[in-house]
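As you go down the protein sequences, you meet chains A and B in turn. Counting in the numbering used here, the final residue of the first sequence is number 593, and the numbers go up one at a time with none missing. Counting in the numbering used here, the final residue of the second sequence is number 381, and the numbers go up one at a time with none missing. Even for Gly, the Cβ is constructed at its ideal location relative to N, Cα and C. Notes to accompany the following structure.
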Amino acid sequence: MKSNNISKFYKKSDTFFRYITASCGIMILVIMAGIFIELIIASRLSIKKFGFAFVSSSAWNPVTQDFGAASSIYGTLVSAGIAMIIAVPLSLAIALFLAELASPAISRIMGSAIELLAAIPSIIYGMWGLFVFAPVMADYIQPMLQKYLGFIPLFQGSPMGIGMLTSGLILALMIIPFISSVTRDIFNMVPVVIKESAYGMGATTWEVIRHVIIPYGFKGILGACFLGLARAIGETMAITFVIGNDHTISPSLFAAANSIASTLANEFTEASEPMYLSALIELGLILLVMTFVIQMLAELWLWRVSRKGEKGA
Amino acid sequence: MRLRSLKIRKVFDLAIKIIAGVSAGIGIVALFWILISVFRHGFKAINWSFFTSLPTPPGMIGGGLANAIVGTLMITVVATLIGVPVGLMAGTYLSEFGSDSSKLVPAIRFFSNVLMGIPSIIVGVFVYTILVRPTGHFSGYAGAVSLAIIMFPVVARTTEDMLTMVPNSLKEAALALGAPRWKVTLQIVFRAARSGLVTGSLLAVARVSGETAPLLFTALNNPYWVFSLNDPTPNLTVTIFNYAMSPYPDWQQQAWGASLLITIGVLLLFILGRAIVRERRY
C-alpha cells in the first residue's frame, strides 16, 4: 500500500517537474514571438502613415515629423559589408594559423587571447574607437588612402577620423574573434587521416589547406560567416561612437553616416513625439527582421549540413 | 590537378604561411592595443573618490561613480537571479525530455539559437514597450529584465550541452534504484555537470555585465544614489556612453575609469569560467 502511494507521488512530481521545465523552454518561443508582436504594435503609427515608402525614403526630420529608413539601412549594410570584406579573409588566415601552422603551445595561447578579444564588451571597442583609433585614422590611414586611391569617390571628402570606414573597421575587429574561433574549431574537426594522406602524397601545407581542409569545412565556415554578419548588422555601441550620426547618404566612406542601431541608441530617449518614437521602433523592427532572416538562414544551413554529415557517417 | 614546379609551390606555401602568421599577429596586436589603451587611460581616473563619491558636474574635482558601480552590481545580480534559473530549467527540458515531444524541442532549440543572435538593442526596445511605457517610468527592474532575456537562451543552450554530456549509465543507475526523474536530474545529473553549469552561467553573466544597448532605454541612468530598482538606476555602461560623448575632459576621464572597471570585471568572470572547466578536465 505504502509503496503504491510513493510511486503515485513520484509520478505526480515527475509530471510537475516536466511541466515546469517545459514552460521555461516555451518561454523562449513566447519571448521570440513577443518581440515581434510588440515591435509591430508599437510602430503601427509610423507604418500607417508612411507605408512601404518608409523603407525607400531618406528623409529624417523630427521637426516636420517626416521619417524614412533608407539612410539607416544603407549605413547598416555598408558598414557591415566593409566589416565582412575585411573580417572574413583575416579570420580564415587566423584560423588556419591556429589550427595548422602554429605549434600547439602558441596556438593555445593565441587562441585564448583571441577569445579574450571576443569577451571585451562592445562599448569598450566604441571608447577605443573614438579616442584612440579615430585620431589614427584621421592622421595616417585616411590621408594615405586619399593620396593613393583618392580618384575613387569612396575615398574623397575630408579625413575626419570618424565615419563609415572607421565604423566598418571596428566592426571587423569585433567579429574577427567570433568567426576565427568558430572556423578554427571546424578546421580542427577535419580528420587527421585525410590531412596526412595528402601530406603523404607530397602536398605542401598550402595545398593541404586549399584542397583538403577548406573544402571539408566550407559549409561550416559559410554558416559562421552568416552568424558574424548578423552580429555586425546588429552591433550598437561599438559604432555609435564613431559613425557620426548623420542621416544623409554619401558616396564617400569618410563621411559621417548612421546605422539603424546607432540611430536607436542616440535618439530613442530624446523622442518625445509619438510619431518620432513609432518611427524609431519601426527602424528597430526592420533591424529585427534583417537579423532574424540571416540568423534563420544560418541556423537552417548549419542544421542541414550537420544532418547530412550524420547520414554520411 | 596540374602541378607547378616544386620551387614555385614552396614559395607560394611560404607566402601563405607568412600571411596567416601576420593575420594572427594583427589580432593579437589589436587585443593588446585595446587593453593597453583602457589600462593607460583608465588608471589615471581611478582613485579613492572614484569608488566612494557621487558624480559631480563637469569642472568640479573629486567626483566618482560609486552609485553607478552599486547600480551595475544590483542590476546584474537581479538579472542573474531571473535569467539563470529559468535558463537552467529550459536547458534541462531540452536535454532530459528531448526525445518526448518531437516537434516542440527542436523548435525551442532552434529559436533559442535565433534569439541569441537578436541584437541586444532590440531587446532593449522590446522591454521598453512592455515594461517602461506601461509603467510610465524607466527602472532598474526593466534593465535587469532585458539583461535576463539576453542571458536566458545562452544559459539554456549551454545547460543542454553540459547535461547531455553526463553519461546515460549514471542516470539509468539512479532510475533503476527507483528514484523519480526530477530527483535524478537535480541530484545526480546536475551534480555531475556542476562545473559546466557554473561555467555556463558565469560566461552568461560576463556577457551581459558589459552590455550597454539594452540598458539605454530601460534602466537609463541617474546621478544620485538609488537603492530601489524601481527608479532609473545608475550604471557604469550607460555612464560610459554619456560621459564619453560629452565634451568635458574630466567626464571623459571618468568614462575611461569606468571602462577599465568593466573590462577587468568581464575578463575576470570570463577567465574564471574558463578555469573551472579546465580544472575539471585534468
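### Message
Give me the chain B residues within the contact set of A/D294, using Cβ-Cβ distance strictly less than 7 Å, ordered along the chain.
### Response
Near A/D294 (Cβ distances below 7 Å), the residues of chain B are P279, R280 and W281.
### Query
Would B/A129 count as contacting chain A if we go by Cβ distances under 7 Å?
yes
### Query
Apart from the five residues just before and just after B/R208, which ones in its own chain have a Cβ nearer than 7 Å to its Cβ?
L193
### Query
Taking the alpha carbon of B/T362 as the point to measure from, which residue in B/F138, B/A114 and B/R103 has its own alpha carbon closest?
B/F138
### Query
In chain B, what lies closer than 7 Å to A/F431 by C-beta?
Chain B residues near A/F431: none, gap ~28 Å exceeds 7 Å.
### Query
What is the DSSP secondary structure of B/I361, reduced to helix, strand or coil?
Helix, per DSSP.
### Task
Mind listing the chain A neighbours of B/N212? Cutoff is C-beta to C-beta under 7 Å, in chain order.
E579
### Query
Taking the Cβ atom as the reference point for each residue, do A/L378 and A/G391 lie within a distance shorter than 7 Å?
Yes.
### Query
Ends of the alpha helix (DSSP H) at B/N146?
That residue, B/N146, is in no alpha helix (DSSP H); it is neither H nor E in DSSP.
### Message
Distance cutoff 7 Å, beta carbons only. Does B/V289 sit that close to anything in chain A?
### Response
Note that residue 289 of chain B corresponds to Phe in the displayed sequence, not to Val. No, B/F289 does not count as interfacial toward chain A.
### Message
Helix, strand or coil for A/D526? Go by DSSP, reduced to three states.
### Response
coil
#### Entry: DSSP state of B/A206 mapped onto helix, strand, coil
helix
### Query
Cβ of B/A129 within 6 Å of any heavy atom in the ligand ATP?
Within the structure as shown, the ligand ATP is missing, as the structure has no ligands at all.
### Message
Here's a check: name, in chain order, each residue in its chain whose Cβ is nearer than 8 Å to the Cβ of A/V335, leaving out the five neighbours to either side.
### Response
G348, A349, A350, I353 and I566
### Message
Below 7 Å on C-beta distance, what does B/S122 contact in chain A?
### Response
L370, A373, I374 and F377
### Query
For A/I540 versus A/T301, is the C-beta distance shorter than 7 Å?
Not in contact: A/I540 and A/T301 (Cβ atoms no closer than 7 Å).
### Query
Rounded to a whole number of angstroms, what is the C-alpha to C-alpha distance between B/Y381 and B/Q351?
In this predicted model, B/Y381 has a pLDDT of only 42, less than 50, meaning its place in the structure is not dependable; the value taken from the coordinates is given anyway. Cα to Cα, the separation comes out at about 45 Å.
### Query
In the structure shown, what three-state DSSP assignment does B/N341 receive?
helix
### Task
Would you please verify whether the beta carbon of B/P348 is less than 7 Å from any beta carbon of chain A?
no
### Task
Drop a sphere of 10 angstroms on the beta-carbon of B/F369, count the other beta-carbons inside from all chains shown, and report buried for 16 or more, exposed for fewer.
buried
#### Entry: Three-pair Cβ contact test at 8 Å for the segment 223-243 of chain B versus the segment 310-319 of chain B
At 8 Å Cβ cutoff, the stretches touch.
### Message
Just to check my reading of the structure: A/I523 and A/G443 have Cβ atoms closer than 8 Å, yes? What is that Cβ distance to the nearest angstrom?
### Response
7 Å
### Task
Determine, using beta carbons only, whether A/I459 comes closer than 7 Å to chain B.
Answer no: the Cβ-Cβ gap between A/I459 and chain B never drops below 7 Å.
#### Entry: chain B within 7 Å of A/K591, Cβ atoms only
For A/K591, the predicted structure reports a pLDDT of 44, less than 50, and the residue's modelled location is therefore unreliable. A value from the coordinates is still provided. No, A/K591 lies away from the interface with chain B (no Cβ there is under 7 Å from its Cβ).
### Query
From the beta carbon of B/R108, is the nearest beta carbon of chain A less than 7 Å away?
Interface with chain A (7 Å Cβ-Cβ cutoff): B/R108 is included.
### 7 Å Cβ cutoff, B/L315 in contact with chain A
yes
### Query
For A/V617 and chain B, any beta-carbon pair shorter than 7 Å?
Lying outside 281 to 593, the shown extent of chain A, residue 617 of chain A is not represented and no answer is given.
### Query
Any residues in the segment 547-564 of chain A with a beta carbon nearer than 7 Å to a beta carbon of chain B? Which ones, in chain order?
F548, T549, I561 and G564
### Query
Exposed or buried, A/V492, counting other C-beta atoms within 10 Å across all chains shown (16 or more means buried)?
buried
### Query
When you compare only the Cα positions, how much space is there between B/M127 and A/E395?
According to the sequence displayed, residue 127 of chain B carries Ile and not Met. Roughly 10 Å between the two C-alpha positions.
### Message
On the criterion of 16 or more Cβ atoms from any shown chain inside 10 Å, does A/I286 qualify as buried, or is it exposed?
### Response
By the 10 Å Cβ count, A/I286 comes out exposed.
### Residue environment, B/Y347, which counts as buried when at least 16 other CB atoms sit within 10 Å
With fewer than 16 other Cβ atoms within 10 Å, it is exposed.
### Task
Please name the residue in A/G503, A/L509, A/A545 and A/R511 whose C-alpha comes closest to that of A/F521.
A/A545
### Alpha-carbon to alpha-carbon, A/T344 and A/K329
Spanning the two alpha carbons is a distance of roughly 13 Å.
### Message
Using CA atoms only, rank isn't needed, just tell me which of A/G500, A/K291, A/W583 and A/G441 is closest to A/I519.
### Response
Closest option to A/I519, Cα to Cα, is A/G441.
### Message
According to DSSP, A/D465 sits in a beta bridge with which residue or residues?
### Response
Partner(s): none; A/D465 has no beta bridge.
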